[in-house]
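Participant: Each residue of the sequence shown is one higher than the one before, counting from 14 in our numbering.
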Amino acid sequence: KTLVITGASRGIGLAIGLRAARDGANVAIFAKSTVENPKLPGTIYTAAKEIEDAGGKALPIACDIREESQVELAVQDTVKKFGGIDICVNNASAIWLKGTLDTPLKRYDLMHQVNVRGTYTTTRACLPHLIESAKQKRNPHVLNLAPPLNMKPIWFRDHLPVCVSWAMLLNL
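#1: At what residues does the beta strand (DSSP E) containing lysine 70 begin and finish?
#2: State the Cα-Cα distance for the pair serine 46 and leucine 27, rounded to the nearest angstrom.
#3: Straight-line CA distance for leucine 72 to valine 127?
#4: State the Cα-Cα distance for the pair aspartate 66 and arginine 170, rounded to the nearest angstrom.
#5: Got a sec? Which residues, its chain only, sit under 7 Å from valine 48 by beta carbon, not counting five neighbours each side?
#6: At 4 residues or longer, and completely inside the segment 86-165: list those alpha helix (DSSP H) runs for me, N to C.
#7: Just the Cα atoms here: how many angstroms apart are aspartate 122 and tryptophan 168?
#8: Specify, as a first and last residue, the run of the alpha helix (DSSP H) that leucine 31 falls within.
#9: Where alanine 147 and threonine 15 are concerned, what is the direct C-alpha to C-alpha distance, given to the nearest angstrom?
#10: For leucine 149 and isoleucine 98, what's the separation of their Cα atoms in angstroms?
#11: Span of the beta strand (DSSP E) holding alanine 67?
#12: Expressed to the nearest angstrom, what Euclidean distance is found between the alpha-carbon atoms of asparagine 83 and aspartate 77?
#13: If I follow the unbroken beta strand (DSSP E) through asparagine 184, where does it start and stop?
#14: For glycine 37, count neighbouring Cβ atoms within 10 angstroms of its own Cβ and tell me buried if that reaches 16, exposed if not.
#15: How many angstroms separate the CA atom of proline 51 from the CA atom of tryptophan 109?
#16: Give the straight-line distance between the Cα atoms of arginine 23 and lysine 62, rounded to the nearest whole angstrom.
Set out below in structure tokens:
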């Protein structure tokens, strides 16, 4: 199987890539992190090494999923290297746990560009290859990751901007 995983340089995205690698999967790592950051450890290159050490094949691709041309090129590079795509894991996210009055539009836009637009853009670019995977009976999947929405009114009152982006993501 070949997986495209957004936000796979660390955290849950990397964990999914490592689990798939233990089964011998090909993992395309789509993320922006190319240089170590002391606050956020992990890059596409460190993730690729971990995936290969776990038994998989990795393709680290510097990609900002907000940019359609970067996503399309990353998908083309993945297909060129691995021959197709079987699973699209939309894991990249932007979060800002503040209320409406404390959320500048720049932050709001970022959450929607990454959480919603980036997920849509990546899925759309992968879709022709997932359809081909289905024709080959390879059981393709799209997995969109987001925290479950807490339906308590206090959560929406205190975190409405990010909740809106997660609700949209979960309904793609």
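Backbone N, C-alpha and C define an ideal beta-carbon position, used for all residues, glycine too.
None of these values were measured; they are calculated from a predicted model.
Facilitator: Concretely, from the data shown:
#1: 70-75
#2: 12 Å
#3: 21 Å
#4: 45 Å
#5: Thr56
#6: 118-125, 132-148
#7: 20 Å
#8: 24-35
#9: 13 Å
#10: Residue identity differs from the one stated: residue 149 is glutamine in this sequence, not leucine. Using only the alpha carbons, I get a separation of about 11 Å.
#11: Segment: none, alanine 67 is in no beta strand (DSSP E) and carries neither H nor E.
#12: Looking at the sequence provided, one finds glutamine at residue 83 rather than asparagine. In a straight line, the C-alpha of glutamine 83 is about 7 Å away from that of aspartate 77.
#13: From DSSP, asparagine 184 is part of no beta strand (DSSP E); its letter is neither H nor E.
#14: exposed
#15: 20 Å
#16: 12 Å
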